[in-house]
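Quick notes on the structure that follows.
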Amino acid sequence: MRRILGIVILSALYVTIPHPHALAAPPARKPAIQAGDVAPSLVAFIANGDAIDEKPWDGKYVLVHFWRLKDVDRDAQFRCLKQLRKEFANEDRLRMISICVDTEELESWLEFQNRQGKVNYGDRRGSFDFFSDHKWWQVCQVSSEVPYSDAYGVENKGELFLVAPNGRLLEERLALKDVRESIMNALKTAK
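For the sequence shown, counting from 1, position 100 maps to 257 in this note's numbering; every step adds exactly one.
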């Protein structure tokens, strides 16, 4: 009986005494950037091999789009963004950057880029390969030491940010349905 009682007491103590690691605070997550903050720089190569400047937003509004190859709504995201690109085809104050956050999927990302084929947004450029668009850069963050998604605090798929020409974040975590209106408002206030 004493043996059983001793086992029960030891079991109760073991369950109620927290492990030393359990007492440690969880690792602090870097706070996400917010509207008004300076947007993190983007230095990368785009799908056609050209380099992105360190500050692609100098003098332009930039829509930054983070996505994953396995996003359930990936095709809907790109349909919407292609429509926006077409609508703003002649707007020189706007640039778009789509950043694939799948760091281990370079080949799959390149295949996705090639499957998009030729596009024509109705601007003076005519038809060209999707991945060579000078107004909508396609980036895969495989070569980044600090992933852009971490720098922007991205946690979910399909996150969108609007950066102002001065390099400050204008809007963060835009819903896809609100992007057009946000761009329109930004361009109106800039005139």
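Glycine included, each C-beta is placed from N, C-alpha and C at the ideal position.
Cβ neighbour criterion (16 or more within 10 Å) applied to residue i
{"i": "M253", "result": "buried"}
{"i": "Q240", "result": "exposed"}
{"i": "E268", "result": "exposed"}
{"i": "S255", "result": "buried"}
{"i": "E316", "result": "buried"}
{"i": "A332", "result": "exposed"}
{"i": "R272", "result": "exposed"}
Proximal residues to residue i (C-beta, below 6 Å), its chain only, five neighbours per side dropped
{"i": "S306", "result": "F223 and V258"}
{"i": "A246", "result": "Y278, G279 and D280"}
CA nearest to the CA of residue i, picked from the options
{"i": "V320", "options": "A347, Q234 and S289", "result": "A347"}
{"i": "E262", "options": "S284, K217 and Q298", "result": "Q298"}
{"i": "D232", "options": "Q270, L199 and V195", "result": "Q270"}
{"i": "Y218", "options": "E248, E316, R272 and I256", "result": "E248"}
{"i": "A201", "options": "Y309, E338 and V296", "result": "V296"}
{"i": "N342", "options": "R250, A196, A208 and V276", "result": "R250"}
Identified DSSP bridge partners for residue i
{"i": "H222", "result": "S255 and L317"}
{"i": "E328", "result": "L319"}
{"i": "S284", "result": "N277"}
{"i": "F202", "result": "A208"}
{"i": "C237", "result": "In DSSP, C237 forms no bridge with anything."}
Close Cβ partners of residue i (< 7 Å) along its chain, the five nearest in sequence each way excluded
{"i": "A289", "result": "The identity of residue 289 in the sequence shown is Ser, whereas the question assumes Ala. N205, listed in sequence order."}
{"i": "D335", "result": "none"}
{"i": "G274", "result": "F287"}
{"i": "D230", "result": "G315"}
Nonlocal neighbours in the same chain, by C-beta distance under 8 Å from residue i, ignoring five residues either side
{"i": "Q234", "result": "H222, W224, D228, G315 and L333"}
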